[in-house]
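Novice:
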Amino acid sequence: MIRVNKVSMKFNLGIEKNFSIKEAFISAFNKKRRPKRNDFWALKNVSFEVKKGEVIGLIGSNGAGKSTLLKVVSGVMKPTTGKVEVNGDISPMIELGAGFDMELTARENIYLNGAILGYSKKFIDEKFDEIVDFSELRDFLDVPVRNFSSGMVAKLAFSIATIVNPEILIVDEILSVGDIKFQEKSKNKMMELIKGGTTVLYVSHSLESIKDLCDRVVWLEHGEVVKIGPAKKIIEEYYKAQMGEEMPKKVS
Amino acid sequence: MKTLKNIFANFKKYQFLMSQLISRDFKVKYKRSVLGIVWSLLYPILMMAVMTMVFSQMFRFKVEGINYLVYLMTGIVMFNYFSEASNSAMTSVVTNFGLINKVYIPKYIFPLAKCIFVGINFLLTLIPWIIIILLTQFGLGTYPASINIYYLVIPYIFLCFFLFTVGIGLLLSCVSVFLRDVFYIYGIVITIWNYFTPVFYSIEILPDYLQQLFKFNPLYQFITAVRSIVLYGQCPSIGTLGLIGLIGVATLVIGSVIFKKNQDKFIYYI
């Protein structure tokens, strides 16, 4: 379903500095003063496979390369070396509400955002009521999103993003948005999607939810795969490595 | 052949997104204006009135034997399309970075959507253009414009003109990702280009060698072709029409190839 094969991703951190004519001149004539190429490998030789219907969790500290990996898999970035093969429709829930236009009304944004996520007009027409009901924003359909509170924007975005039934779902920590009631509702919706037999790639810092949901876990650190294995086992090792102590049996 | 098929399949797949982006532009453009889309008609008419006043009354510009009002309007309407479309296409990739960074969308959509959006506005401005042409039949200006069968060639010229604009738009939007200076440079370039395109004057007032040089300006070719139909009642020669087609297609191909080659690198530069 998803095959990530020896993927490496290089960013050049020096790029911003090397961006003026003065610098360009200096570096053209003076080799010593040429800005050092400050290569940063966000991913190094990452390989793993996700089978159909499998739920894979990605863990690792901030900057470990989890989000970069999701972007590579969803096609936003091309890997510097290596190859990513994906069979099936991808629904990326990387960032909610990407492409919302604050000037447009909620109704208009449902169509715009839906189109950006790759839905067809027919699909949105059919699911329109479902989206609106789930977002609990029927009274505000024709209000420009500019006037929404951030919680309302998040609710709307979540409702649009989760209406699909994709073959592959990519989720970057969006489980909890909105007020308490909506948080619970959105969490259930995510569970429903994840447990619905789709292939899922899931990033979260909540080890509990990863343990609950995922079959296997990929542990990334500094762009490299530390370990891949059954969720429970890897998470306990990860917790130990991070906190220096055994994971408490039950966190509630 | 296969690539062409792929290209059209891709168009079809993202057609809905394209139409959403274009209608978004319309909604945002006329948000909170009382007259709304009527401005698309009214604005060029009012602009024309001002320009005509300035050039024909104050500066006493005229071109012998033809209707200067139609001459001026054809030039302005076409040049404005090019200038507005290429400008907004240029900034489209950079301004939509928030999206490009998060969701996979073919990036050519942004400059293309802008060229189409401005193109629809351009088609609307053709309504007052045609009304003026009709009014010249009833004594508006010294000479009437010509109405003839060759008008059927005009859509072809506009199509080539559109392809040319999209090509330039793709090129600019690509280069500007790597070099933001292009935003400012192009502002100057377009002003120079404006004066070096015979929009409000005729190239016959120029010395001979300059006239020859001006013929290398693609915009001159497009505008002159339309003018020769509308004002002189003459169909441009097959050679001219072929040249126009070649300019359009070649620019589009060059723009697309450069854009395609570099689009994967955009993400590092924005």
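Line by line, the protein sequences are chains A and B.
When we follow our numbering, the leftmost residue of the first sequence carries the number 1, and every step to the right adds one.
When we follow our numbering, the leftmost residue of the second sequence carries the number 1001, and every step to the right adds one.
Ideal Cβ positions, reconstructed from N, Cα and C, are used throughout, including at glycine.
Predicted model only: the values in this text are computed from it and were never measured.
Would you mind stating whether Gly1065/B and Pro1198/B have Cβ atoms separated by less than 8 Å?
Specialist: No; because the gap between Cβ atoms is not below 8 Å, this pair is not in contact.
Novice: DSSP three-state call for Gly197/A: helix, strand or coil?
Specialist: Gly197/A: coil per DSSP, three-state reduction.
Novice: For Thr1165/B, tell me which candidate among Met1051/B, Met1018/B, Met1058/B and Glu1084/B has the shortest Cα-Cα distance.
Specialist: Residue Glu1084/B is the option with its Cα nearest to Thr1165/B.
Novice: State the start and end residues of the unbroken alpha helix (DSSP H) segment that holds Thr1074/B.
Specialist: Segment Tyr1068 to Thr1095, the alpha helix (DSSP H) holding Thr1074/B.
Novice: On the DSSP letters alone, give me the boundaries of the alpha helix (DSSP H) that Ala231/A sits inside.
Specialist: Ala231 to Met243 is the span of the alpha helix (DSSP H), which, as asked, contains Ala231/A.
Novice: Apart from the five residues just before and just after Ile1109/B, which ones in its own chain have a Cβ nearer than 8 Å to its Cβ?
Specialist: If we look at Ile1109/B and ignore the five residues flanking it on each side, its Cβ neighbours are Tyr1014, Leu1017, Met1018 and Leu1021.
Novice: Could you have a look at Ser1147/B and say whether DSSP puts it in helix, strand or coil?
Specialist: A quick correction: the sequence has Ile, not Ser, at residue 1147/B. Ile1147/B: coil per DSSP, three-state reduction.
Novice: Let me know the secondary structure DSSP gives Arg3/A once reduced to three states.
Specialist: If DSSP states are grouped into helix, strand and coil, Arg3/A belongs with the strands.
Novice: Mapping DSSP to helix, strand and coil, what is Gly57/A?
Specialist: Strand.
Novice: Quick check: the Cα distance between Lys189/A and Ser209/A, rounded to an integer number of angstroms?
Specialist: Roughly 14 Å separates the two Cα atoms.
Novice: To which residues of the same chain is Ser252/A closer than 8 Å at the C-beta, ignoring the five residues directly before and after it?
Specialist: With a pLDDT of 43 at Ser252/A, under the threshold of 50, the modelled position of this residue cannot be trusted; read the value that follows with caution. Excluding residues within five positions, none has a Cβ falling inside 8 Å.
Novice: Tell me which residues share the same chain as Glu236/A and place their Cβ nearer than 8 Å to its Cβ, disregarding the 5 neighbours each side in the sequence.
Specialist: Taken in chain order, the residues that qualify are Glu246 and Met247.
Novice: What in chain B is Cβ-close to Glu103/A, meaning under 7 Å?
Specialist: What Glu103/A touches in chain B: Val1028 and Lys1031.
Novice: Just the chain B side, please: which residues come within less than 7 Å of Met77/A by C-beta, in chain order?
Specialist: Ile1267, listed in chain order.
Novice: Cβ-heavy atom distance between Ile131/A and the ligand ATP below 7 Å?
Specialist: Among the components of this structure there are no ligands whatsoever, and the ligand ATP is therefore not found.
Novice: Could you name the residues of chain A that Leu1042/B contacts, counting a contact when the two beta carbons are closer than 8 Å?
Specialist: What Leu1042/B touches in chain A: nothing, since even the nearest Cβ is about 22 Å away.
Novice: Report yes or no: is there a C-beta of chain B within less than 8 Å of the C-beta of Asn12/A?
Specialist: Closer than 8 Å to some Cβ of chain B, the Cβ of Asn12/A qualifies, so yes.
Novice: Using only alpha-carbon positions, find the residue among Pro166/A, Pro144/A, Glu167/A and Val132/A that is nearest to Lys155/A.
Specialist: That would be Val132/A, whose Cα lies nearest to the Cα of Lys155/A.
Novice: Taking only three categories from DSSP, how would you classify Val251/A?
Specialist: With a pLDDT of 49 at Val251/A, under the threshold of 50, the modelled position of this residue cannot be trusted; read the value that follows with caution. Val251/A falls in the coil class under three-state DSSP.
Novice: Taking only the alpha-carbon atoms, compute the straight-line gap between Val143/A and Leu104/A and give it to the nearest angstrom.
Specialist: The straight-line gap from Cα to Cα measures roughly 8 Å.
Novice: Does Leu213/A get closer than 8 Å to chain B when you measure Cβ to Cβ?
Specialist: Not an interface residue.
Novice: Please state if the CB of Phe1161/B and the CB of Gly1248/B are separated by a distance shorter than 8 Å.
Specialist: Against a cut-off of 8 Å, the Cβ pair of Phe1161/B and Gly1248/B comes out as a contact.
Novice: Name the one or two DSSP bridge partners that Phe48/A has.
Specialist: The partner list for Phe48/A (beta bridge, DSSP) reads Val4/A.
Novice: Would the beta-carbon of Ile170/A fall within 8 Å of that of Leu201/A?
Specialist: A contact, by the Cβ cut-off of 8 Å.
Novice: Need the endpoints of the beta strand (DSSP E) that Met93/A sits in, please.
Specialist: Ile90 to Met93 is the span of the beta strand (DSSP E), which, as asked, contains Met93/A.
Novice: Determine, using beta carbons only, whether Arg1227/B comes closer than 8 Å to chain A.
Specialist: Not one chain A Cβ lies under 8 Å of Arg1227/B.
Novice: State the DSSP-derived secondary structure class of Asn165/A, mapped to helix, strand or coil.
Specialist: Here Asn165/A sits in coil by DSSP.
Novice: Please identify, using Cβ separations under 8 Å, the residues of the segment 200-211 of chain A that lie next to chain B, in order along the chain.
Specialist: Under the 8 Å Cβ criterion, the segment 200-211 of chain A contributes no residue.
Novice: What alpha helix (DSSP H) runs, 4 residues minimum, are completely inside the segment 1147-1204 of chain B?
Specialist: List check, alpha helix (DSSP H) in window: 1154-1178 and 1182-1195.
Novice: List the residues of chain B that Ile116/A touches, going by C-beta distances under 7 Å, in chain order.
Specialist: In chain order: Leu1017, Leu1099, Val1103 and Ile1105.
Novice: Please check the pair Met1078/B and Val1226/B, which I expect to be a contact at CB under 8 Å, by giving their CB distance rounded to whole angstroms.
Specialist: Right, the Cβ-Cβ distance comes to about 7 Å (below 8 Å), so this counts as a contact.
Novice: To which residues does DSSP link Ile1132/B through a beta bridge?
Specialist: None; Ile1132/B has no bridge partner.
Novice: What in chain B is Cβ-close to Gly223/A, meaning under 9 Å?
Specialist: Ordered by position in chain B, no residue passes the 9 Å Cβ test against Gly223/A, which lies about 16 Å from the chain.
Novice: If the criterion is Cβ atoms closer than 8 Å, does the pair Lys44/A and Gly223/A meet it?
Specialist: For Lys44/A and Gly223/A, yes; Cβs fall inside 8 Å.
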